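Contents: one structure, followed by commentary.
There are 2 protein chains.
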Amino acid sequence: MTATAVQAPLDLPGLRRQIDGCLDHYLTVKAYAVHTENLPPLPLEVLRAFVFAGGKRIRPLMCVLGWHAARGQEEAGPVIRAAASLELFHAFALIHDDIMDHSDTRRGHPTVHRTLAERRQRRVHPEEFGEHAAILLGDMALACSQEMLNGAGLSPARLTVALPTLDAMRTAVLYGQYMDLDTTEQLTGDVARALAVIRYKTAKYTIEHPLHLGAALAGGGPAVRAALSAYALPLGEAFQLRDDLLGVFGDPQVTGKPVLDDLREGKRTVLLALALRRADPGQVRTLCRLIGDPALDEEQADQVRAVLAATGARAQVESLIDDQQRAALRALEGAPFPATAVRALHEVARALTERAR
Amino acid sequence: MTATAVQAPLDLPGLRRQIDGCLDHYLTVKAYAVHTENLPPLPLEVLRAFVFAGGKRIRPLMCVLGWHAARGQEEAGPVIRAAASLELFHAFALIHDDIMDHSDTRRGHPTVHRTLAERRQRRVHPEEFGEHAAILLGDMALACSQEMLNGAGLSPARLTVALPTLDAMRTAVLYGQYMDLDTTEQLTGDVARALAVIRYKTAKYTIEHPLHLGAALAGGGPAVRAALSAYALPLGEAFQLRDDLLGVFGDPQVTGKPVLDDLREGKRTVLLALALRRADPGQVRTLCRLIGDPALDEEQADQVRAVLAATGARAQVESLIDDQQRAALRALEGAPFPATAVRALHEVARALTERAR
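Each protein sequence line maps, in turn, to chains A and B. Start counting the first sequence at 70; every next residue gets the next number (our numbering). Start counting the second sequence at 70; every next residue gets the next number (our numbering).
So this is what it looks like as structure tokens:
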């Protein structure tokens with residue numbers, strides 16, 4: 070991964086393997102340190118299992134691609150380690166999110182709070198123990214993310230330049246989550262608000278900030294950042310809109326997530342807001358009666374799906390995804406990135422918006 | 070606070086005011102940024118109210134004293150800002166802790182999850198909303214702590230030197246909390262385990278790591294660190310033992326915390342472990358029946374207090390506090406610190422172990 074190697078196409082699966090290798094190494098060393106201090110092994114065991122149960126490593130990949138886009142020249146090792154630390158941050162966000170959403174399954178396995186509850190079945194209140202221990206386990210994942218970044222081998226100057234981006238990333242995702250939580254009770258056709266939540270929770274957090282982080286590590290300036298944002302924000306929106314469609318219409322065998330979860334939880338998606346805005350009174354009643362019902366069954370879900378289709382909301386979301394994907398790809402055309410980075414960013418944009426899981 | 074001013078006695082109340090000034094400034098600037106981005110103001114309002122409802126600022130003070138102990142020479146401003154960021158980290162730890170402990174009151178006010186539940190009374194499940202929003206608010210406090218540290222004005226080299234201490238601090242407190250949570254169901258006379266929890270949750274987190282952080286910011290070497298540890302670990306133990314006594318025998322008007330909380334929650338203290346080890350069968354039955362009963366009343370609490378006194382556990386904890394306080398003060402005698410730092414550390418050690426709140 071020297072300056073000359075950058076000319077060859079970027080090997081994305083290979084990069085993903087390198088990222089996983091870094092995570093494996095960090096978690097192994099940490100587990101050993103914890104063992105040496107006689108601290109309980111369970112939290113890190115559960116964290117490791119969670120991290121390696123799946124995940125697309127989108128944020129680490131974006132970080133490394135941002136570094137390439139900004140023509141990163143130095144040794145890539147510390148950058149890949151720093152990028153991989155974002156996956157532990159993401160584990161933190163997901164673990165806390167799953168508590169708030171009462172999700173039982175993630176990546177085809179029990180969620181962390183369910184796992185911890187099961188590992189402590191003799192307790193009087195196993196579920197409460199599971200949730201409380203999962204709060205701490207999420208906190209630990211965040212602390213590990215920090216520690217992994219700090220130990221990535223970046224020079225002090227390089228690390229310091231990256232910090233404001235990380236601060237912005239944390240603010241974005243936490244406020245996005247908060248806005249999401251704060252609206253969960255209101256069933257409205259407020260598309261603008263649903264889009265604002267997406268912007269913070271996903272477009273900035275998942276795509277823009279990781280790209281900016283990588284660019285900062287390469288010493289990229291404002292022009293590179295702006296070009297990355299022009300790609301990142303529409304792509305992030307399209308990515309989340311695809312996620313919302315998969316959450317209702319996806320194949321749970323492929324997504325690893327029960328397809329009724331989003332509907333039972335009453336997730337306030339753009340898809341739902343669009344449907345409410347176009348629904349007739351009977352359709353509104355159907356949505357209000359069924360969305361957020363924790364006992365929703367497959368047949369009722371089909372009624373919801375029928376309304377989402379009949380109102381044209383589903384088709385409109387598909388068309389929004391197309392528009393935003395195109396906007397992201399167009400942004401790459403005039404971007405001041407090397408050709409290899411453009412090609413890789415193009416590939417990733419298609420994968421994230423045309424995926425089935 | 071230049072090198073010459075270090076000769077004058079350290080003004081601890083003045084230092085506390087400076088720390089509060091830094092917190093006020095950071096939170097004001099952050100609230101403005103959040104407002105500018107059209108993000109909801111409630112989380113930061115609640116965080117600010119929580120931070121300024123009380124608190125002794127022990128960790129920031131310890132950090133500044135560690136800096137003095139290691140003969141910090143440069144401008145103190147960035148050090149005080151970095152120190153103050155520990156208070157936001159502590160807010161994070163307390164907010165999550167109060168969720169896990171089901172505490173309704175802290176510092177004489179409703180806890181954050183209670184406050185958030187009350188601010189959203191129209192909701193179907195206000196209590197659940199309160200707990201979930203408080204998970205996020207704790208996360209935000211942690212992110213703010215990080216952002217405040219990053220923006221403290223430390224040079225990259227100085228900041229980088231401090232990072233391993235912060236990593237160790239986060240590991241210590243989170244594992245301490247986890248061990249605490251993991252034992253809450255077992256009522257045992259395992260004094261060693263209760264002491265291990267104290268060591269991580271309090272002695273390291275509250276005293277040792279903040280002192281080490283300050284020393285690192287002053288460029289202090291291994292001898293200073295070792296001398297600080299020799300003071301910190303016994304003092305931290307004595308501090309927590311005092312806290313445990315106040316949690317059962319304290320005056321709630323003074324502590325700001327309902328005196329029955331620790332008993333209702335069934336907190337596994339050294340005090341309790343000592344009592345169980347010395348109790349006769351009747352006393353064991355009393356403790357097992359009452360400790361952890363969420364409906365425990367004042368009369369029943371008096372029965373517990375009587376057992377804690379009659380077994381000699383209360384007196385033994387007082388004597389442990391004395392021993393550990395003496396050990397901490399003795400450690401100052403040969404320590405390679407300037408006289409002003411020794412005097413201030415002496416004063417703080419007495420205040421933390423002889424306090425009524």
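Here a beta-carbon is modelled for each residue, glycine too, at the ideal position from N, C-alpha and C. If you're wondering where the values come from, they're calculated on a predicted model, not measured in any experiment.
Under the assumption that residue 128 (chain A) contacts residue 106 (chain A) (Cβ atoms under 8 Å), give the Cβ distance between them as a whole number of angstroms.
-> Not really, about 30 Å apart at Cβ, beyond 8 Å.
If you measure from the CB of residue 399 (chain A), is any heavy atom of the ligand FMN nearer than 7 Å?
-> For the ligand FMN, the structure offers nothing, since it holds no ligand at all.
Are the C-beta of residue 196 (chain B) and some C-beta of chain A separated by less than 8 Å?
-> no
How about residue 248 (chain A) and residue 112 (chain A): are their beta carbons less than 8 Å apart?
-> no
Within chain A, the residues that residue 268 (chain B) reaches when beta carbons sit closer than 9 Å | Neighbours of residue 268 (chain B) on chain A: none; closest Cβ ~10 Å, over 9 Å.
Whole-number beta carbon distance between residue 299 (chain A) and residue 400 (chain A), since they are thought to touch under 8 Å = 4 Å
Same chain, Cβ closer than 7 Å to residue 230 (chain A), neighbours up to 5 away in sequence not counted = 285
Look up residue 64 (chain A) in the DSSP assignment and say whether it is helix, strand or coil.
-> The first residue shown for chain A is 70 and the last is 426, placing residue 64 (chain A) beyond what the model contains.
Can you name the residues that DSSP bridges to residue 178 (chain A)?
-> A:175
Measure the alpha-carbon distance for residue 160 (chain A) versus residue 264 (chain A) and round it to whole angstroms.
-> 24 Å
Using alpha carbons as the reference points, say which of A:295, A:145, A:404, A:424 lies closest to residue 309 (chain A).
-> A:424
At least one CB of chain A closer than 8 Å to the CB of residue 309 (chain B): is that the case?
-> no
Of the residues that make up the stretch 202 to 216 of chain B, which ones have a beta carbon closer than 9 Å to any beta carbon in chain A?
-> 202, 204, 205, 206, 207, 208, 209, 211, 212, 213, 215, 216
According to the Cβ coordinates, are residue 134 (chain A) and residue 414 (chain A) closer than 8 Å?
-> yes
How big is the Cα-Cα spacing for residue 343 (chain A) and residue 241 (chain A)?
-> 24 Å
Within chain B, partners of residue 165 (chain A) - CB distance below 8 Å | Contacts between residue 165 (chain A) and chain B, judged by CB atoms closer than 8 Å, involve 204, 205, 208 in chain order.
For a contact meaning CB atoms closer than 9 Å, what does residue 251 (chain B) contact in chain A?
-> 109, 111, 189, 198, 202
Rounded separation between residue 281 (chain B) and residue 395 (chain B) - CA only | 21 Å
Could you give the DSSP three-state label for residue 361 (chain B): helix, strand or coil?
-> coil
Give the straight-line distance between the Cα atoms of residue 341 (chain A) and residue 178 (chain A), rounded to the nearest whole angstrom.
-> Cα to Cα, the separation comes out at about 27 Å.
Proximal residues of chain B, C-beta to C-beta of residue 240 (chain A) below 7 Å | 212
State the start and end residues of the unbroken alpha helix (DSSP H) segment that holds residue 95 (chain B).
-> Run containing residue 95 (chain B): 81 to 105, per the alpha helix (DSSP H) assignment.
Taking the C-alpha atoms as reference points, what is the distance between residue 75 (chain A) and residue 123 (chain B)?
-> Here residue 75 (chain A) scores only 45 on pLDDT, less than 50, and its place in the model should not be relied on; the value that follows carries that caveat. Approximately 55 Å between the Cα atoms of the pair.
Look up residue 327 (chain B) in the DSSP assignment and say whether it is helix, strand or coil.
-> coil
How do the stretch 81 to 95 of chain B and the stretch 219 to 233 of chain A stand: do at least 3 beta-carbon pairs fall below 8 Å, yes or no?
-> The stretch 81 to 95 of chain B and the stretch 219 to 233 of chain A do not touch, with fewer than 3 CB-CB distances between them shorter than 8 Å.
Determine the direct distance from the alpha carbon of residue 287 (chain B) to that of residue 198 (chain A), and round the result to whole angstroms.
-> Distance between the alpha carbons of residue 198 (chain A) and residue 287 (chain B): 42 Å.
Please confirm whether residue 132 (chain A) and residue 162 (chain A) have their CB atoms less than 8 Å apart.
-> Going by beta carbons, residue 132 (chain A) and residue 162 (chain A) fall outside the 8 Å limit.
For residue 427 (chain B), does the count of other Cβ atoms within 10 angstroms reach 16, so buried, or fall short, so exposed?
-> Nothing can be reported for residue 427 (chain B), as the shown portion of chain B is limited to 70 through 426.
In chain order, what residues of the same chain lie with their CB nearer than 7 Å to the CB of residue 73 (chain A), ignoring the 5 residues before and after it?
-> Here residue 73 (chain A) scores only 47 on pLDDT, less than 50, and its place in the model is too uncertain to base an answer on.
Express the C-alpha separation of residue 147 (chain B) and residue 332 (chain A) in angstroms, rounding to a whole number.
-> 49 Å
Kindly indicate if chain B contains any beta-carbon less than 8 Å away from that of residue 157 (chain A).
-> no
Taking the alpha carbon of residue 232 (chain A) as the point to measure from, which residue in B:235, B:220, B:319 has its own alpha carbon closest?
-> B:220
N-terminal and C-terminal residue of the alpha helix (DSSP H) that residue 202 (chain B) is part of = Residues 195 to 219.
Just mark residue 337 (chain A) as buried or exposed, buried being the case when its beta carbon has 16 or more other beta carbons within 10 Å.
-> buried
Hey, how far is the Cα of residue 391 (chain B) from the Cα of residue 314 (chain B)?
-> 13 Å
Euclidean distance between Cα positions of residue 193 (chain A) and residue 170 (chain A) | 23 Å
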